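Before any comments, here is the structure.
Number of protein chains: 2
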Amino acid sequence: MSERPVGPSPGLMAEAPLDRADVERAEHELAGRVWRTPVVRCDPLDATAGARLWLKAENLQRGGSFKVRGALLAVDELARAGTRGVVAQSTGNHAIAVALAAREHGLPAVLVLPSDAPPAKIRRIRDTGAGVVTTGTLLAERVAVVEELRERYGYDTVDPYQNPRVVLGQATATAELLGQVAAEGARLDAVVVPVGGGSAIAGACLAASGSGTAVIGAEPEAVPALTAALRAGRPVTVPARHTVADGLRPDRIGALPFDLAGRAVTSVVTVPEASIADALRAAFLHARLVVEPAAATALAAALAHAADHGGEVGVLLSGGNVEPSLIASMLAAQSGPV
Amino acid sequence: MSERPVGPSPGLMAEAPLDRADVERAEHELAGRVWRTPVVRCDPLDATAGARLWLKAENLQRGGSFKVRGALLAVDELARAGTRGVVAQSTGNHAIAVALAAREHGLPAVLVLPSDAPPAKIRRIRDTGAGVVTTGTLLAERVAVVEELRERYGYDTVDPYQNPRVVLGQATATAELLGQVAAEGARLDAVVVPVGGGSAIAGACLAASGSGTAVIGAEPEAVPALTAALRAGRPVTVPARHTVADGLRPDRIGALPFDLAGRAVTSVVTVPEASIADALRAAFLHARLVVEPAAATALAAALAHAADHGGEVGVLLSGGNVEPSLIASMLAAQSGPV
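Protein chains in written order, with this note's numbering: chain D, 1 to 338; chain E, 1 to 338.
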């Protein structure tokens, strides 16, 4: 596993259009509509990490991931504007979240997922009554189908990376974590966040701005889209190699997330597949939490690198929508050193 | 699954030696030494139960179960009195808890478990440095070994059912739950608690006394020790049939727990093995919590009977020390209707 510190700004970027005050307004809008998920502490994981880990258990969130935060804010706005329906592409969790938000407003929704999306995620969407379309495994393929559906039905798109209200909603997960840790009389030295399309890390950078808390990204070694973007100074498409972390398969960081996170992120950890599996098992065996591989990617980065960043480290356990069969096979497999 | 309401007092009993004020003192003594475990909400489980369930996630507690609460209080007292070491029998979780408490005081500990105890529980005890002795599967066999060890080493016994400080410690789990629900502006109509040797339900009755919250016991249909005791008007030994809920295998309710709970408990639900397995899967798939079968027994009773007791029902998810292989096989098995 390797960690890449982020140096000075890789180039001029557009002025960030969002700030900490927007996050506070978003928290206010979401109050009572999403769970205030717990922050879980776990002695054996702390011992492995050599730091106190504060696990923000968004795997226990409505819809099984933190994505419901951004989807609610975005769909609220579209509903107020009189939308006829919504369409969105996603590796799964944003789609579940948009389906739940649309149902709350009585709006039709069609969600576009990759053909290799976990059946559990597709089932959750269908359970809301929303439509599901599957296409190829590449982000660009899904975006093309979304555009086609948008035109055909006259629906509005809820983009998982480019919609500012989605990013603000995702930011509330980190903001809530910072507040919960403060309520315990502590202060986070760093927070570790998984990186897929980038809304989580962009949100974390917004939420942590001015707090003195470092933001560390965690992405699969197989799909290092943020690492590549930081190197290039702009979002670039990386080769789509396979990772068990289905939620982190987007092969390109969104432009808005990169604008927000590109300068603010402290470092990015690229996590090998074996470490993702070990962390998923560790969450299960020691923290007794069912997490999906995306969340385990952040935990893996924290277990390996938290001590480099100080004594108090938050981890965004982003979701828990995992195939039971994957858990069963991972429990059966030889465990790593965790 | 059948629920047995508890009628008028089955006979005269000794005056209860403990009360709600003792529980408050116990909470104060434990503050900062045990996790304030979260109360988890879960829409799909609420839909199944037809009530709002408030899941007290003591599976996330130190040592993996609520038992650390009582063990700390009891071992604190023995340490203050200058004990040379401690010995205790248990199906597993009380033994883990006593081992942790003894380590905190630098005391030697020997724990007596049944020969069919889950290897994961035995491993957790050995990890603390404490000694483990396994014997037959019956409570009476373990008690005899404890007595022998106590005499041989001059250690003090930490009885899981008869020690008032153990019962007070266990009571703090329910007291904390009631407080957490009140902080959310709600009030529990009932709380469902698993019944093994009886310390959890005795503690729950103490914690809930005067609150208007009904206390409902949940025990495996295979080992209905509380149901039998209520029928007889005193603790009786029931045939030791097999249940997957290893923590609920004690074949007799302790005398102190029966004194405390016999009159105060509202009803007892006997839970079939298949419902325990279904509830364990439901906790995993919907609440994303890893619970052991004892905790799943309480959840199963709540899913089936919560709606009979009102709209707001607490569930003590007592522990999460479960064999990974058991979870793997349960996930592979055909799921029930939950």
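Cβ atoms here follow ideal geometry from the backbone N, Cα and C, with glycine treated the same way.
All values reported here derive from a predicted model rather than from experimental measurement.
Whole angstroms are fine: how far does the CA of valine 223 of chain D sit from the CA of aspartate 251 of chain D? Stepping through the first sequence from its first residue, residue 251 of chain D is reached at position 251. Stepping through the first sequence from its first residue, residue 223 of chain D is reached at position 223. Cα-Cα distance, rounded: 6 Å.
In terms of DSSP beta bridges, what is lysine 56 of chain E paired with? Along the second sequence, read from residue 1 onward, the residue named residue 56 of chain E stands at position 56. Per DSSP, E:Val39 and E:Leu316.
Going along chain D in order, which residues have a C-beta closer than 7 Å to the C-beta of tryptophan 35 of chain E? The residue given as residue 35 of chain E occupies position 35 in the second sequence. Neighbours of tryptophan 35 of chain E on chain D, chain order: Arg41.
Cα-Cα separation between alanine 130 of chain D and glycine 106 of chain D, rounded to whole angstroms: Indexing the first sequence from 1 puts residue 130 of chain D at position 130. Indexing the first sequence from 1 puts residue 106 of chain D at position 106. Approximately 11 Å between the Cα atoms of the pair.
Answer yes or no: do isoleucine 276 of chain E and valine 238 of chain E have a C-beta to C-beta separation smaller than 7 Å? Within the second sequence, residue 276 of chain E is the residue found at index 276, counting from 1. Within the second sequence, residue 238 of chain E is the residue found at index 238, counting from 1. Cβ atoms of isoleucine 276 of chain E and valine 238 of chain E: not closer than 7 Å.
For glycine 131 of chain D, which beta-bridge partners are listed by DSSP? By 1-based counting over the first sequence, the position of residue 131 of chain D is 131. Note: glycine 131 of chain D sits in a beta bridge opposite D:Val110.
Would you list, in sequence order, the uninterrupted beta strand (DSSP E) runs of no fewer than 3 residues that lie entirely inside the region 135-171 of chain D? none
Under 9 Å, CB to CB, which of the residues in the region 211-224 of chain E have a partner in chain D? none
Going along the chain, which residues of the region 62-80 of chain D sit with their C-beta nearer than 8 Å to a C-beta in chain E? Residues Arg62 and Gly64.
Residues that phenylalanine 284 of chain E contacts on chain D, provided the C-beta gap is smaller than 7 Å: Reading the second sequence from its first residue, position 284 is the one you call residue 284 of chain E. Simply Val290.
Please confirm if leucine 30 of chain D has its CB atom under 7 Å from at least one CB of chain E. For the purposes of this step, residue 30 of chain D is taken as residue 30 along the first sequence, with counting starting at 1. Taking Cβ atoms only, chain E never reaches closer than 7 Å to leucine 30 of chain D, which makes this a no.
With the cut-off set at 7 Å, would you say isoleucine 253 of chain E and proline 235 of chain E are in Cβ contact? As a first step, residue 253 of chain E must be located in the second sequence, where it is residue number 253. As a first step, residue 235 of chain E must be located in the second sequence, where it is residue number 235. Yes; because the gap between Cβ atoms is below 7 Å, this pair is in contact.
Straight-line Cα distance separating glutamate 151 of chain E from glycine 217 of chain D: One-based indexing of the first sequence puts residue 217 of chain D at position 217. One-based indexing of the second sequence puts residue 151 of chain E at position 151. The straight-line gap from Cα to Cα measures roughly 57 Å.
Coarse secondary structure for leucine 30 of chain E, derived from DSSP in three states: As a first step, residue 30 of chain E must be located in the second sequence, where it is residue number 30. Reduced to three states, the DSSP call for leucine 30 of chain E is helix.
Cα-Cα separation between lysine 121 of chain E and phenylalanine 284 of chain E, rounded to whole angstroms: Here residue 121 of chain E refers to the residue found at position 121 when the second sequence is read from its first residue. Here residue 284 of chain E refers to the residue found at position 284 when the second sequence is read from its first residue. Rounded to the nearest angstrom, the two C-alpha atoms are 20 Å apart.
Alpha carbon to alpha carbon, how far is alanine 161 of chain D from glycine 196 of chain D? In the first sequence, the residue the question calls residue 161 of chain D occupies position 161. In the first sequence, the residue the question calls residue 196 of chain D occupies position 196. A small correction: the amino acid at residue 161 of chain D is tyrosine; alanine does not occupy that position in the sequence shown. Straight through space, the alpha carbons of glycine 196 of chain D and tyrosine 161 of chain D are spaced by roughly 10 Å.
With a threshold of 7 Å between beta-carbons, can asparagine 59 of chain D be considered close to chain E, or not? Taking the first sequence and counting its residues from 1, the one referred to as residue 59 of chain D is at position 59. Asparagine 59 of chain D counts as touching chain E.
Between valine 345 of chain E and tryptophan 54 of chain E, is the Cβ-Cβ spacing less than 7 Å? A question about residue 345 of chain E goes unanswered here, because the residues of chain E that appear run from 1 up to 338.
Taking alanine 88 of chain D as part of the beta strand (DSSP E), name the residues at either end of that continuous run. Here residue 88 of chain D is taken as the residue at index 88 of the first sequence, counted from 1. Residues 86-89.
Determine the contact status of alanine 109 of chain D and glycine 63 of chain D, defining contact as a CB-CB distance below 7 Å. The count along the first sequence starts at 1 and reaches residue 109 of chain D at position 109. The count along the first sequence starts at 1 and reaches residue 63 of chain D at position 63. Going by C-beta atoms, alanine 109 of chain D is not nearer than 7 Å to glycine 63 of chain D.
Residue interval of the beta strand (DSSP E) (run including arginine 4 of chain D): Position 4 of the first sequence, counted from the first residue, corresponds to residue 4 of chain D. Its beta strand (DSSP E) spans residues 2-5.
Would you mind giving the Cβ-Cβ distance between alanine 279 of chain D and alanine 261 of chain D, rounded to the nearest angstrom? I have them listed as a contact below 8 Å. As a working note, residue 279 of chain D is residue 279 in the first sequence. As a working note, residue 261 of chain D is residue 261 in the first sequence. Alanine 279 of chain D to alanine 261 of chain D, Cβ: 22 Å. No contact.
Through-space distance from serine 115 of chain E to arginine 126 of chain E, alpha-carbon basis: Position 126 of the second sequence holds residue 126 of chain E. Position 115 of the second sequence holds residue 115 of chain E. As the crow flies, the alpha-carbon of arginine 126 of chain E is around 15 Å from that of serine 115 of chain E.
How many Å lie between tyrosine 155 of chain D and arginine 80 of chain D at the Cα? Here residue 155 of chain D refers to the residue found at position 155 when the first sequence is read from its first residue. Here residue 80 of chain D refers to the residue found at position 80 when the first sequence is read from its first residue. Straight-line Cα distance between these residues: approximately 14 Å.
CB-CB under 8 Å to threonine 227 of chain D, same chain, minus the five flanking residues each way: which ones, in chain order? Reading the first sequence from its first residue, position 227 is the one you call residue 227 of chain D. Contacts found: Arg4, Glu219, Val268 and Thr270.
Can you find a CB in chain E that lies within less than 7 Å of the CB of proline 38 of chain D? Within the first sequence, numbered from 1, the residue matching residue 38 of chain D stands at position 38. Yes, proline 38 of chain D counts as interfacial toward chain E.
Does chain E have any CB closer than 7 Å to the CB of leucine 331 of chain D? Counting from one through the first sequence, the residue named residue 331 of chain D turns up at place 331. Answer yes: the Cβ-Cβ gap between leucine 331 of chain D and chain E drops below 7 Å somewhere.
Please look up how many angstroms separate the CB atoms of valine 132 of chain D and leucine 149 of chain D, rounded, as I've assumed it's under 8 Å. Taking the first residue of the first sequence as position 1, residue 132 of chain D is located at position 132. Taking the first residue of the first sequence as position 1, residue 149 of chain D is located at position 149. In fact, because the Cβ distance is near 11 Å, the residues do not count as touching under 8 Å.
Run through DSSP, which three-state label would threonine 297 of chain D get? Here residue 297 of chain D corresponds to residue number 297 of the first sequence, with the count starting at 1. The answer is helix: DSSP assigns threonine 297 of chain D an H, G or I state.
Cβ-based neighbour list, leucine 248 of chain E, same chain, cut-off 7 Å, excluding 5 preceding and 5 following: Against the second sequence, residue 248 of chain E aligns to sequence position 248. Closer than 7 Å at Cβ, skipping near neighbours: Pro194, Val195, Gly196, Glu219, Pro220, Val223, Ala294 and Thr297.
Contact with chain E by proline 108 of chain D, beta-carbon distance below 7 Å: Counting from 1 along the first sequence, the entry for residue 108 of chain D is found at position 108. No - not a single Cβ of chain E is within 7 Å of the one on proline 108 of chain D.
Less than 7 Å between the beta carbons of valine 313 of chain E and alanine 232 of chain E, yes or no? Sequence index remark: in the second sequence, residue 313 of chain E carries index 313 (1-based). Sequence index remark: in the second sequence, residue 232 of chain E carries index 232 (1-based). It is not a contact, given that the beta carbons lie outside the stated cut-off.
Checking contacts by CB at 7 Å: is proline 324 of chain D closer than that to chain E? In the first sequence, counting from the first residue as 1, residue 324 of chain D sits at position 324. Yes, contact with chain E.
At which residues does the alpha helix (DSSP H) containing isoleucine 253 of chain E begin and terminate? For the purposes of this step, residue 253 of chain E is taken as residue 253 along the second sequence, with counting starting at 1. Secondary structure note for isoleucine 253 of chain E: it is in no alpha helix (DSSP H), with a DSSP letter that is neither H nor E.
Coil, strand or helix - methionine 13 of chain D by DSSP: Locating residue 13 of chain D in the first sequence gives position 13, counting from the first residue. The predicted model places methionine 13 of chain D with a pLDDT of 40, which falls under 50 and marks its position as unreliable, so this point remains unresolved.
Do you know offhand how far proline 118 of chain D's Cα is from cysteine 205 of chain D's? Start at 1 with the first residue of the first sequence, and residue 118 of chain D comes out as number 118. Start at 1 with the first residue of the first sequence, and residue 205 of chain D comes out as number 205. Their backbone Cα atoms lie some 29 Å apart in a straight line.
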